Structures are given as C-alpha cells and as structure tokens.
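Residue numbering for the sequence shown follows UniProt numbering, beginning at 1 and increasing consecutively.
Everything on this sheet refers to the single structure shown next.
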Amino acid sequence: MSSVPVVIHALADLPCSVKSTPGSVFWDEFLHIRSRLISRFNSLQGLSGHLEQVAHECVDLFMQFLFPNTPIAHEPSLRAGISLLFGDEPPNCPSTESPGPDTLTLIELLRRFALVTALCAHIISVVPKTLFQNPKSLSDIFFEASKSMLRTYEAYDLEHPDSTSLTIRMWHSSYAQNTTGKVGASWHYHTEACCLAQRMRLFDEASITRTSQIESQLLRINFWHLYLAEKTQVAFKSRPPIIDERICDDGITLLERGDEVVPFLDSSRAVNQVDLESRIFVGFHLRRRISATAASLINDIASHARHAETNPPSGEQSSRVNEEMNSLIERYLKFTALVNEVPPWVRRPDGDNNPKVDESVRAYQTTCFWAQRTNIMTIYHSCIDHGFLVIVGLSESPLSGASRKLEIIRDFVDDLQGTPFVDKVRRVGAILLELLHSSDNATIRTQAEVLFSALLDILSRLDSKASEGLEVSGADALDWCNPTTVSSGG
1 MSSVPVVIHA LADLPCSVKS TPGSVFWDEF LHIRSRLISR FNSLQGLSGH
51 LEQVAHECVD LFMQFLFPNT PIAHEPSLRA GISLLFGDEP PNCPSTESPG
101 PDTLTLIELL RRFALVTALC AHIISVVPKT LFQNPKSLSD IFFEASKSML
151 RTYEAYDLEH PDSTSLTIRM WHSSYAQNTT GKVGASWHYH TEACCLAQRM
201 RLFDEASITR TSQIESQLLR INFWHLYLAE KTQVAFKSRP PIIDERICDD
251 GITLLERGDE VVPFLDSSRA VNQVDLESRI FVGFHLRRRI SATAASLIND
301 IASHARHAET NPPSGEQSSR VNEEMNSLIE RYLKFTALVN EVPPWVRRPD
351 GDNNPKVDES VRAYQTTCFW AQRTNIMTIY HSCIDHGFLV IVGLSESPLS
401 GASRKLEIIR DFVDDLQGTP FVDKVRRVGA ILLELLHSSD NATIRTQAEV
451 LFSALLDILS RLDSKASEGL EVSGADALDW CNPTTVSSGG
C-alpha cells in the first residue's frame with residue numbers, strides 16, 4: 001500500500017522504462033486494456049469496418065451532430081488519439097523527460113486513450129441506427145476500456161485534474177443515461193465532474209490560465225457546459241444544483257471567451273471553414289443564457305408560489321405581492337425576448353445561399369446549425385411550457401394576450417425568412433403597430449419594435465408593397481392571432 005504515492009509521483013516525474021519501475025506498471029496496464037479492447041472488438045459479429053474506421057466515424061458524428069451543442073473537445077487531439085487504440089506492435093513507452101511539443105507524456109497518453117474511448121461509447125449510445133450501422137453493443141466495449149483506463153490513473157487524476165477529467169466523466173454520464181435509462185450512475189459521473197470543476201475554481205477567470213492555450217480553452221468551455229447542464233436540470237427540477245453562483249466567492253467571473261485563439265475544429269477540413277466555429281460558440285452561449293435565465297426565473301416563481309400558499313394576502317401585503325408579481329412578469333417577458341438573439345444562421349439554417357461556398361460544405365454546416373437550432377428551441381419552448389403562465393397567473397393578465405401575440409408573430413417572421421407570405425404581412429404589421437401604440441409595458445414595446453424592424457427589413461428585400469397601408473382593424477388582427485386560425489394554410 002505504501003507504494004501508491006510513489007506510483008502517482010512517478011507518473012508526473014519519472015521516465016517510463018522497460019525495467020520494473022512504477023511507471024511501467026501503468027504502461028503494462030495500458031497495453032493490457034488496449035489488447036482487451038482490440039480482442040473484444042474483433043470478436044463482435046456484424047461489423048462494417050475495423051477499429052480505426054469505427055473510431056473515426058464516431059469522431060465524425062460527434063463533430064457534425066453533437067459538437068454544435070457540446071463543443072467541449074479539440075478535434076485534432078481526438079483524431080490523433082485514435083492511433084492509440086490499435087497497433088500490431090506495442091509503441092515505444094512515452095517519456096516525461098522534456099517531451100517535445102508533439103510528444104505525449106505517459107499520463108497524457110493514458111488520458112487521451114480514456115478520452116477517445118469515452119467519446120466512442122458516448123456517440124454509439126446516443127446516435128440512431130440510421131447514422132451508425134454497427135452494433136450498439138460496441139458502446140459497452142468502448143466504455144469498459146475507458147472506465148478501466150480511468151481507474152488505472154484515477155488517484156492521480158483526482159489530485160491533478162485537467163480538462164479530460166471533466167470531459168471523460170461527462171461522456172461516461174451520457175453513456176450511462178443512454179444505455180440504462182437510469183439516473184443513478186449517470187448522476188454520479190456528472191457529479192464527479194462538477195465537484196472537480198468547483199475544486200479547480202473554474203468559475204474564476206483568474207484560475208483558468210494554463211501554459212497550453214488549448215487546455216485553457218477546454219477548461220473554460222467544459223465549465224460552461226457543466227454550468228449549462230446544471231441550469232437545465234434546475235429549470236426542469238430534475239435534481240438540486242452542484243455548481244451554483246451562491247457558493248462561489250465573488251460569483252462566476254469566468255468570461256464566455258478568453259484571449260485564447262487556438263481553434264477547436266480541424267482547420268484542414270473544408271467543412272470547418274466560413275466561420276463555422278465562431279458561429280457555433282455564439283449559439284452555444286445563447287443556449288447557456290436561456291437555461292440560466294429559465295432556472296433563475298423558475299426558482300423565484302416557485303418561491304413566490306410557496307410564500308403565497310403559506311401567507312394568505314392581507315391588505316398590508318397586497319402592495320408588495322403586486323410588486324413581486326409585476327417583477328416576475330417582467331422577467332418572464334425578458335426571458336421570451338431571448339429568442340430574438342438567435343443568430344440568423346441558427347434561425348434559418350437553410351438560408352445561406354452564398355455561391356462561393358461549396359455545396360458539400362453548405363450541407364455539412366446546415367446540419368450543424370439545425371442540430372443547434374433544435375436544441376436551443378427545445379429548451380426555450382420546454383421552459384415556457386413548464387408552467388410559467390399558470391404559476392404566475394399570467395394567463396389572467398392583460399399581458400398574456402400581448403405575450404402570446406409576440407410569440408406567434410416571432411414564429412411567423414422566422415418562416416417569412418424562407419417563404420414570403422405577403423398576404424398576411426399587413427395583418428402582422430398591424431398587430432405590431434397596435435402593440436407599439438397601446439401597450440404600457442416597456443418590454444412588450446421593445447420586442448414589438450425588434451419584430452417590426454425585422455418585418456420591414458424582409459419587405460424591403462422583397463421589394464414588396466405589403467408595408468403600404470397597415471391599417472387593418474385591431475379586431476381582424478386579433479382574430480388572425482388566434483392559434484386556431486393560424487394552424488392551417490401556412
């Protein structure tokens with residue numbers, strides 16, 4: 001038992017040799033786990049490719065379909081790590097003595113192996129059969145390899161965590177959730193990642209700096225992804241939060257983007273051109289803000305509801321209760337306004353007709369943005385449907401109709417970006433004008449102004465006459481805004 005600390009320090013300080021040294025114990029374990037992975041893979045029936053092909057396919061699927069919503073990995077590092085999964089001859093044992101910029105130390109090699117196999121387990125467990133033709137049981141093989149490798153250096157990893165410590169556990173969490181449908185193991189892995197992030201003080205901008213810019217970026221985005229996941233769980237009341245602003249010394253001071261400029265995507269691939277990465281991060285952080293705003297609002301709504309149940313309103317309290325209600329309604333309206341921040345490439349993923357962009361590149365990036373749009377709007381509408389209106393009584397408020405009008409018009413303007421329905425433009429414009437002139441709520445008027453400007457911009461590009469004479473009656477406008485009259489006919 002006394003040799004354990006020596007082994008841990010050997011990972012960081014000693015070169016690995018062929019002699020019977022502590023470092024060689026970990027090297028032998030790596031070779032054993034890799035050999036078992038290869039053996040189990042080759043024994044599986046119905047495979048449509050060898051190990052290297054399957055691993056590359058998993059990375060491809062991750063980059064196109066999941067990276068837009070979880071941009072927590074460095075593509076070149078993932079692809080380079082695939083070579084660790086196979087080989088007829090054992091590679092040379094890595095050294096920790098002044099390694100070159102392209103040389104992995106022993107601990108880095110073990111972590112990279114655990115990371116790539118965790119990714120494969122995660123991807124195979126989540127993608128549908130239409131995208132991945134090989135047996136789903138492959139996910140179990142990759143997970144066992146990743147889990148075994150992590151267990152090999154886990155004591156060191158807990159004392160000296162890095163970005164892979166978080167990413168591996170998040171992907172283990174996803175695998176457990178997708179393969180079992182149970183939350184116990186999944187929550188355990190996720191909780192470990194959150195606790196490590198808290199202990200590393202990743203919520204503090206001053207704690208994020210590392211010698212490697214890539215590592216600094218990975219720590220930053222892994223924290224924000226954990227934060228997003230936490231807020232989403234709070235919003236849907238799935239479980240209590242672990243990462244919370246209230247237990248951070250000065251709140252969360254971590255910036256969305258730092259000064260690091262190293263790209264996550266492989267710039268040698270044509271599909272990653274045309275600002276794909278920067279656009280993905282814009283959508284990712286919008287999704288994070290939506291989840292955080294929803295979680296905060298739902299907590300306050302629930303607190304208000306509990307207080308109202310236990311403290312029947314009296315004459316003295318009515319004024320304060322009304323102020324609280326107005327504040328909640330105002331915050332709800334600002335939450336719904338977040339959808340106005342959805343960037344155009346996410347709002348209309350099919351809308352880029354730049355002739356300079358190759359069709360294959362356009363198709364690939366369109367898929368990325370559709371994946372992101374679906375995720376953003378699902379969270380947004382799920383939060384709206386999570387009882388906001390019922391809890392705060394907004395359905396009985398005069399603001400309810402105005403809020404509903406804005407939501408319907410917003411969807412209409414989105415559709416108009418792709419297919420112009422000029423016959424309805426005048427009625428939509430009239431509704432917006434009515435809201436601008438009649439609403440006493442500043443947030444309602446601000447949202448109406450944003451949508452009205454978008455409507456006029458579309459009309460100017462269409463060279464349409466629909467903006468002339470927006471004098472349709474308020475009654476007609478309200479009738480069109482009724483969901484039962486909008487559901488048919490486009």
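We treat Cβ as the ideally placed atom computed from N, Cα and C, and that holds for glycine.
Just so you know, these numbers come straight off a predicted model, no measurement behind them.
Tell me which same chain residues have a C-beta within less than 6 Å of the C-beta of residue i, skipping the five on either side of it?
{"i": "residue 292", "result": "231"}
{"i": "residue 29", "result": "152"}
{"i": "residue 113", "result": "84, 149"}
{"i": "residue 208", "result": "216, 219, 220"}
{"i": "residue 77", "result": "none"}
{"i": "residue 165", "result": "157, 196"}
{"i": "residue 283", "result": "346, 372"}
{"i": "residue 182", "result": "none"}
{"i": "residue 396", "result": "Note that residue 396 scores 47 on pLDDT, short of 50, meaning its location in the model is unreliable; the coordinates nonetheless yield the value given after this. So no residue of the chain qualifies."}
{"i": "residue 186", "result": "173, 176, 177"}
{"i": "residue 241", "result": "230, 234"}
Output needed for residue i: all residues of its chain with C-beta closer than 8 Å, excluding positions within five of it in sequence on either side, in chain order.
{"i": "residue 276", "result": "265, 365, 368"}
{"i": "residue 213", "result": "260, 261, 262"}
{"i": "residue 61", "result": "123, 127, 131, 132"}
{"i": "residue 299", "result": "234"}
{"i": "residue 117", "result": "37, 85, 142, 143, 145, 146, 149"}
{"i": "residue 79", "result": "56, 59, 266"}
{"i": "residue 392", "result": "The predicted model places residue 392 with a pLDDT of 48, which falls under 50 and marks its position as unreliable, so this point remains unresolved."}
{"i": "residue 338", "result": "286, 289, 290, 293, 380"}
{"i": "residue 358", "result": "270"}
In its own chain, which residues sit with a C-beta less than 7 Å from the C-beta of residue i, not counting the 5 before and 5 after it?
{"i": "residue 175", "result": "121, 122, 125, 139, 143"}
{"i": "residue 178", "result": "125, 126"}
{"i": "residue 251", "result": "245"}
{"i": "residue 167", "result": "72, 73, 115, 222"}
{"i": "residue 64", "result": "364, 367, 368"}
{"i": "residue 501", "result": "The chain is shown only over 1 to 490; residue 501 falls outside these bounds and no answer can be derived."}
{"i": "residue 40", "result": "141"}
{"i": "residue 370", "result": "349"}
{"i": "residue 492", "result": "Limits of the chain in this structure are 1 at one end and 490 at the other, which puts residue 492 out of reach."}
{"i": "residue 51", "result": "38, 41, 85, 86"}
Give me whichever residues DSSP pairs with residue i in a beta bridge.
{"i": "residue 249", "result": "251"}
So, is residue i buried or exposed, given that buried needs 16 or more other C-beta atoms within 10 angstroms?
{"i": "residue 147", "result": "buried"}
{"i": "residue 45", "result": "exposed"}
{"i": "residue 27", "result": "buried"}
{"i": "residue 211", "result": "exposed"}
{"i": "residue 163", "result": "buried"}
{"i": "residue 19", "result": "Its pLDDT being 37, under 50, residue 19 is placed unreliably by the model, and the measurement read from it follows with that caveat. Exposed."}
{"i": "residue 286", "result": "buried"}
{"i": "residue 69", "result": "buried"}
{"i": "residue 111", "result": "buried"}
{"i": "residue 225", "result": "buried"}
{"i": "residue 42", "result": "exposed"}
{"i": "residue 378", "result": "exposed"}
{"i": "residue 355", "result": "exposed"}
{"i": "residue 464", "result": "Residue placement at residue 464 is flagged as unreliable, the pLDDT there being 43, under the threshold of 50; the coordinate-derived value follows with that caveat. It counts as exposed."}
{"i": "residue 53", "result": "exposed"}
{"i": "residue 180", "result": "exposed"}
{"i": "residue 271", "result": "buried"}
{"i": "residue 442", "result": "exposed"}
{"i": "residue 255", "result": "exposed"}
{"i": "residue 466", "result": "In this prediction, residue 466 scores a pLDDT of 44, lower than 50, which makes its location untrustworthy; the coordinate-derived value is nonetheless stated afterwards. It is buried - the Cβ of residue 466 has at least 16 other Cβ atoms within 10 Å."}
{"i": "residue 323", "result": "exposed"}
{"i": "residue 336", "result": "buried"}
{"i": "residue 306", "result": "exposed"}
{"i": "residue 429", "result": "buried"}
Answer yes or no: the CB of residue i versus the heavy atoms of the ligand MN, is any distance below 7 Å?
{"i": "residue 155", "result": "The ligand MN is not part of this structure, which contains no ligands at all."}
At the 8 Å Cβ level, is residue i part of the contact set with chain B, yes or no?
{"i": "residue 48", "result": "Looking at the structure shown, chain B is missing, and only one protein chain is on hand."}
- Query: At a cut of 8 Å, does the segment 179 to 193 reach the segment 204 to 219 through at least three beta carbon pairs?
  - Reply: Contact between the segment 179 to 193 and the segment 204 to 219 is absent, because fewer than three Cβ pairs lie under 8 Å.
- Please confirm if the segment 343 to 354 is in contact with the segment 319 to 334, defined as three or more CB-CB distances below 8 Å between the two stretches. Contact between the segment 343 to 354 and the segment 319 to 334 is absent, because fewer than three Cβ pairs lie under 8 Å.
- Message: Contact between the segment 245 to 255 and the segment 195 to 203 is defined here as three or more beta-carbon pairs at a separation below 8 Å; is this criterion met?
- Response: Touching, yes.
- Query: Quick one: complete alpha helix (DSSP H) runs, 4+ long, within the segment 299 to 363?
  - Reply: Entirely contained in the segment 299 to 363, the alpha helix (DSSP H) runs reaching 4 residues are, in chain order, 315 to 337, 344 to 347.
- Kindly provide the ranges of any alpha helix (DSSP H) runs that are 4 or more residues long and lie completely inside the segment 204 to 241, ordered along the chain. Along the segment 204 to 241, the alpha helix (DSSP H) occurs as fully enclosed runs of 4 or more residues at 213 to 235, listed in sequence order.
- Task: Write down every uninterrupted run of the alpha helix (DSSP H) in the segment 96 to 173 whose length is 4 residues or greater and which is fully enclosed by it, in chain order.
- Result: Counting only runs of 4 or more residues that sit fully inside the segment 96 to 173, the alpha helix (DSSP H) segments are 106 to 126, 138 to 152, 154 to 159, in chain order.
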